[in-house]
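Peer 1:
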Amino acid sequence: REVRRDRCGNSNCCWLGYKSLCRNCGRPGVDYNGVLYGNDWWVGSVVRYTCRSGFMLMGNPTSLCQPNGLWTPKPSCLMCQRGSIEVSERELNGTCNSTCADKSYFGPPKLGCTRIDNCKKKESGWKRFFAQCVPCICDCSLSC
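Position 96, counted from 1, in the sequence shown is what our numbering calls 115; the numbers after and before it change by one each time, with no gaps.
(1) Please state whether DSSP places residue 52 in a helix, a strand or coil.
(2) With DSSP run on the structure shown, which of helix, strand or coil describes residue 108?
(3) Can you tell me whether residue 56 is buried or exposed? The criterion is at least 16 other CB atoms within 10 Å of its CB, across all chains shown.
(4) Label residue 51 either buried or exposed according to how many other C-beta atoms from any shown protein chain fall within 10 Å of its C-beta, with 16 as the threshold for buried.
(5) Please go through the same chain and pick out, in chain order, the residues whose beta-carbon is closer than 6 Å to the beta-carbon of residue 169, but skip the five residues on each side of it.
(6) Contact defined as beta carbons within less than 8 Å: I believe residue 135 pairs with residue 119. What is the distance between those atoms, to the nearest angstrom?
(7) Can you name, in chain order, every residue of its own chain whose Cβ lies under 6 Å from the Cβ of residue 44, other than the five neighbours on each side?
(8) Helix, strand or coil for residue 81 per DSSP?
(9) Round the Cβ separation of residue 152 and residue 139 to the nearest angstrom and send it over; I've been treating them as touching at under 8 Å.
(10) Return the chain-ordered list of same chain residues with a C-beta closer than 8 Å to the C-beta of residue 130, the five sequence neighbours on each side being excluded.
(11) Whose C-beta lies closer than 8 Å to the C-beta of residue 65 among residues of the same chain, with five residues either side of it excluded?
Here it is, written out as structure tokens:
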């Protein structure tokens with residue numbers, strides 16, 4: 020433990036490592052779709068943020084309790100757009116004998132999609148039989 024002068028009310032403050040016990044920033048704010056990790060709110064403390072599934076974190080994933088008693092800006096959780104895209108079986112696994120189910124696309128970004136997954140067969144029956152490579156409909160995740 021180290022006792023030293025601080026600008027927290029011009030009084031002696033007790034410091035534990037990097038944390039000052041002279042001022043508390045209070046509970047930090049969090050977006051409705053965000054999750055906050057950390058329950059230490061003294062000056063020098065850091066909390067971490069993540070977002071619920073389907074949302075993308077925009078900004079710094081951590082926030083610091085500053086000597087002025089305020090937290091550094093918290094991040095936002097934005098909903099990511101989703102759509103669908105048609106992909107050939109050949110693009111999913113390099114052959115044409117996939118069932119498309121539970122396959123993901125691992126190639127370069129396709130039509131702006133940052134992730135392609137949850138693929139299903141587009142055609143069935145005789146249309147599938149005559150197709151050289153079965154087309155699949157996949158979920159397309161776009162960056163926020």
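All residues carry an ideal CB built from backbone N, CA and C; glycine is no exception.
Owing to the predicted nature of the structure, the values given are computational and were not obtained by experimental measurement.
Peer 2: On the basis of the coordinates in this document:
(1) coil
(2) helix
(3) exposed
(4) exposed
(5) This structure cannot speak to residue 169, because the chain is shown only from 20 to 163.
(6) The Cβ separation is near 11 Å, so there is no contact.
(7) 60, 84, 88 and 90
(8) strand
(9) Contact doesn't hold; Cβ gap of about 15 Å is too wide.
(10) 104 and 159
(11) 57, 81, 82, 83 and 84
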